[in-house]
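Numbering (the working numbering), first residue to last: 989 to 1249.
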C-alpha cells in the first residue's frame, strides 16, 4: 500500500486507475473495480486504486455521516483480494482539496501514476469544490493521453449501492440489507479490553443498539451494542460475549443478524 504519492516508484509503469473513497468496498465498488480490471487487461496494464484518508467530508466539515465501514488497511486488503495490483492512499488535506481539477489530473494521474485509463463512478467529482467530473476527465484525458470510463454503480434491490445507504441500514439494525449491499457481513476490528468490551478506532460504524449474533475467529458469539449514535456524549460501545482472545488481543467480528434489543 502506497501512503501518498511519494511512495510511488519513480519507474512505475503506465496503469489503469480508479479513484474514490471506497469505504466498505461494497458491491457497487466491486463493480467499479471489475471495470477497472477489464480496462487494465485490455492494454496489459497494472490496476491501481486511489483512495483518500481521512474521509474528505470530515476534513471539509460537511454535515455528513462519515463513520467508517472499514479501516483503510481493510479497505486496501479487500481491494487486493478483488484483484487490484496497488492501492494508493492519498492523505486528504485542505491543500489537496484546493487543487483544481487540472492540477489533480497532472499531479496525481499523469506525473505520479502515469495513467492510461481512468475508471470512476458516473457521479464522481473532484478538484476544488468538486468542480471536476467525468466530462472533465474525458476532456483533459485526451490532452494527457488517457481514456476515461464513467461507470454507473450497481443497484441492490432497487436501491443505490452506496456507503451512505449501508450506514443507514446499520442505523436501523437492518443487517440483511447491509449484508446484501456489502456483499458480506459488516465487520469491525478492535482490541479486547476487560468486561468483554472491544475498543474500536474512533469513528467506526456500528449498527444500532441491540443484541446481535456474530462471528469472531470462526466462532459464534453474541455482540452487544449499547449507547446512542445521536449524542456525542453517549457513543456506541461494543461487547463481544463468549468470544475468543484475551484482553489486549485484536479481534475482528462480523455482525450476522439482530436477535434482541
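Heads up, the beta-carbon is just placed ideally off N, CA and C, and yes, glycines get one too.
Here the structure is a predicted model, which is why all the values come from computation and not from measurement.
*May I ask you to list the residues that DSSP assigns as paired with residue 1129?*
Partner(s): none; residue 1129 has no beta bridge.
_residue 1178 - containing beta strand (DSSP E), residue span_ = 1174 to 1180
*Following the continuous alpha helix (DSSP H) through residue 1091, name the residue where it begins and the one where it ends.*
Residue 1091 -> alpha helix (DSSP H) spans 1089 to 1092.
*asked:* Could you compute how far the alpha carbon of residue 1038 sits from the alpha carbon of residue 1188?
replied: Cα to Cα, residue 1038 sits roughly 25 Å from residue 1188.
_Residues that residue 1120 bridges to, as DSSP identifies them_ = 1114
*asked:* Can you list, in chain order, the residues of its chain with a C-beta nearer than 6 Å to that of residue 1244? Leave out the 5 residues immediately preceding and following it.
replied: 1173, 1201, 1202
*Could you give the residue range of the alpha helix (DSSP H) that holds residue 1157?*
1151 to 1160
*Would you list the residues sitting across from residue 990 in a DSSP beta bridge?*
1076
*Enumerate in chain order the residues of its own chain whose CB-to-CB distance from residue 1048 is below 7 Å, with the five nearest sequence positions on each side excluded.*
1085
*Can you tell me whether DSSP reads residue 1096 as helix, strand or coil?*
helix
*What separation, rounded to the nearest whole angstrom, lies between the Cα atoms of residue 1005 and residue 1194?*
31 Å
_As a quick exercise: from 1051, 1064, 1053, 1210, pick the residue whose alpha carbon is nearest that of residue 1036._
Closest option to residue 1036, Cα to Cα, is 1064.
*In terms of residue numbering, what span does the beta strand (DSSP E) encompassing residue 1187 cover?*
1185 to 1187
*Report back the beta-carbon spacing between residue 1136 and residue 1176 to the nearest angstrom; my notes put them in contact at under 8 Å.*
Going by Cβ atoms, the distance from residue 1136 to residue 1176 rounds to 35 Å, so no, they are not a contact pair.
_the segment 1092 to 1112 in contact with the segment 1023 to 1034 per 3-pair CB rule at 8 Å_ = yes
_With three or more C-beta pairs closer than 8 Å as the rule, is the segment 1086 to 1098 touching the segment 1110 to 1124?_
yes
_Three-state class that DSSP yields for residue 995 in the structure shown_ = Secondary structure at residue 995: helix, using DSSP grouped into helix, strand and coil.
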